[in-house]
Amino acid sequence: MSRDELTKIILPEDKMPKFWYNVQADMPTPLAPGLHPGTKKPLIPADLQAIFADGLIAQEVSTERFIEIPKEIREEYKKWRPSPLFRAHSLEKALDTPCRIYYKYEGFSPVGSHKLNSAIPQVFFNKMQGIKRITTETGAGQWGTALSLACKRYDIEAMVYMVRVSYNQKPYRRIFMEMYGATCVSSPSTLTESGRKALAETPDTPGTLGLAISEAVEDAVGREDTKYSLGSVLNHVCLHQSIIGQEVKLQMEMVDDYPDIVIGCCGGGSNFAGIAFPFIPDKLKGKKVRLLGVEPAACPSMTKGVFAYDLGDVAGFTPLLKMYTLGHNFVPSGIHAGGLRYHGESPLVSQLYHDGLIEATAVMQNDCFSAAQLFAQTEGIIPAPESSHAIRAAINEALKGKEEGKAKSIVFNLSGHGHLDLAAYDNYLSGKTEDVEFPEEALRESLKTLPQV
Ligand SMILES: Cc1ncc(COP(=O)(O)O)c(C=O)c1O
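Quick note, our numbering runs 5 ahead of the 1-based positions in the sequence shown.
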């Protein structure tokens, strides 16, 4: 079959990558160290041991190019991996573009997103250490769902703090987590000191990921049997997600194609890192491939933030990370893409953006919903509101290609499906979804509270 006849590009199970790719081995500028929030001195592994399992800390600081994926994890991965790469023939036709558009479908996982790629290894390494309980935060609920399933697979208790605005918008996600035996509460909650403080100060707060992280970390450090788990941002999470881009490279080889541009939406940065980082070595060797991260105009950490040390959470429990940030006190408007409402960006993505190896753009919520609707009507899949940001950027690139008469090859990460986000689409269809102007003044105020380093 010729390249243009294929719609599903399926990598056989035995070709699934056996190693994660670690971009830290290839970065032109090494990562600035994380700092202790109290002493502001570079972190030592012991600082992280109160919250993370040892196996994950080793991955966090590793500069080995390839790290073997344990066989037990590969066996779990096989339930949904390798994930299909689709050629978006119908979307191309609707856009009347000469460009070839491909999407990597991570919504094929049992929980509906890429998040399980990291939840399984994170829980696995906790299990190896005898941990009995894991706490976490979740925005839209995709990460919480993934962690809940992973915990059940390894017989560990899961406690999920879900950002209030999403908890109210997406009640089915809570039920999804409870089906896997997890406990899910709205954040801020009355269970933690940080939650009670936030509720006392702003009773009607929509909540933020930064605050939910504070609650989950506070809960974990208070108990011997418990560790904390983060669904994005950190190096080990980007490492786990690298299986996505490695598969894409093999799948593109199968159709004798190579991307001109690779696109992913950016919350904390992990699904973008996952699809984009495996292309960095090629780029460093001179290949012309653009790597584009897409963030919401309501929470544009790279395109409007500053590159500075900041806290990963609101209460100040997490290490200081050098990253693009809007300031840990920034409260983004309650957009439906709850998974993109994080004030910072992964330090790895941030450093590579700073060094000009990746690009970033910000898009408005309604433009994403219209892209999602066109995608649903052509390709059939209703995307997660987060993923619709990548779709919007891919469509814009395809239309630009048409204007310039260039047949570019465009690959984007469809990080998840939106089957439990129908209330958001209902809002959009009835014209109730607002594009809020970015609050420059709130950003200035928030940046004033960046820690002095
Ligand atoms: C479907 C989906 N895509 C993307 C994201 C953004 O996270 P990240 O930038 O870590 O991939 C989320 C986060 O919740 C998500 O649920």
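Positions of the beta carbon are idealized from the N, C-alpha and C atoms, including for glycine.
Nearest-angstrom Cα distance between residue i and residue j?
i	j	result
L235	P444	28 angstroms
K132	P456	35 angstroms
V190	S171	11 angstroms
N432	T438	6 angstroms
F113	M259	20 angstroms
T323	R138	19 angstroms
K453	T210	21 angstroms
Y26	S247	6 angstroms
A225	T140	6 angstroms
G212	E97	39 angstroms
K290	G135	43 angstroms
L404	E183	43 angstroms
G317	E252	30 angstroms
G339	G215	14 angstroms
A151	Y233	14 angstroms
H348	G274	11 angstroms
N276	C243	7 angstroms
F91	S7	15 angstroms
F380	R86	23 angstroms
L353	A313	13 angstroms
S306	F24	30 angstroms
S194	G60	30 angstroms
I78	Y263	29 angstroms
R158	F374	35 angstroms
V5	K407	No answer is possible for residue 5: the residues shown for the chain start at 6 and end at 458.
R178	L425	7 angstroms
I106	G410	15 angstroms
E162	D230	10 angstroms
Y34	Q356	According to the sequence displayed, residue 34 carries Thr and not Tyr. Going by the C-alpha atoms only, they are around 7 angstroms apart.
What residue does the beta strand (DSSP E) around residue i start on, and which one ends it?
i	result
V168	E162 to V168
I106	R105 to Y110
G269	I266 to C270
F322	That residue, F322, is in no beta strand (DSSP E); it is neither H nor E in DSSP.
E142	R138 to T143
F24	F24 to Y26
E73	F71 to E73
Based on DSSP bridge pairs, tell me the residues matched to residue i.
i	result
T366	V299
K13	F91
Y329	F312
S118	G421
Grab the span of the alpha helix (DSSP H) containing residue i for me, first residue to last.
i	result
L257	Here residue 257 is Met; the residue named in the question, Leu, does not match the sequence. Run containing M257: N240 to M259, per the alpha helix (DSSP H) assignment.
A428	L427 to L434
L48	Neither: L48 is in no alpha helix (DSSP H) and is coded neither H nor E.
F181	P176 to M184
E442	Note, E442: premise wrong, no alpha helix (DSSP H); not H, not E.
Q64	D59 to V66
Q356	P352 to H359
P286	I285 to L289
I280	S275 to A281
Using DSSP with H/G/I as helix, E/B as strand and the rest coil, what is residue i?
i	result
V416	strand
D315	strand
K83	coil
S392	coil
S194	coil
Y347	coil
K232	strand
L40	strand
R449	helix
F189	It should be pointed out that residue 189 corresponds to Cys in this sequence rather than to Phe. In this structure, C189 counts as strand in the three-state DSSP scheme.
G146	coil
H422	strand
N334	coil
A376	helix
D31	coil
T454	coil
G406	helix
T383	helix
M307	helix
P208	coil
D224	helix
V294	coil
A55	coil
G200	helix
Y159	coil
G339	coil
Open item on the list: Three Cβ pairs or more, each shorter than 8 angstroms: is that satisfied between the region 84-103 and the region 49-61?
Closed with: no
Task: Segment contact flag, the region 399-412 with the region 325-335, C-beta cutoff 8 angstroms, min 3 pairs - done: Counting Cβ pairs under 8 angstroms, fewer than three are found: no touch.
Task: Stretch-stretch touch, CB-based, cutoff 8 angstroms, three pairs: the region 382-393 with the region 140-149 - done: Taking 8 angstroms as the limit for Cβ pairs, the verdict is that the region 140-149 does touch the region 382-393.
Open item on the list: Assess contact between the region 41-48 and the region 264-272, defined as three or more Cβ pairs (one per stretch) separated by less than 8 angstroms. Is contact present?
Closed with: no
TODO: Indicate whether the contact test is met: 3 or more Cβ pairs, each with one atom in the region 12-25 and one in the region 301-318, closer than 8 angstroms.
DONE: no
- [ ] Pair every Cβ in the region 62-79 with every Cβ in the region 350-369, then say whether three or more of these pairs are closer than 8 angstroms.
- [x] no
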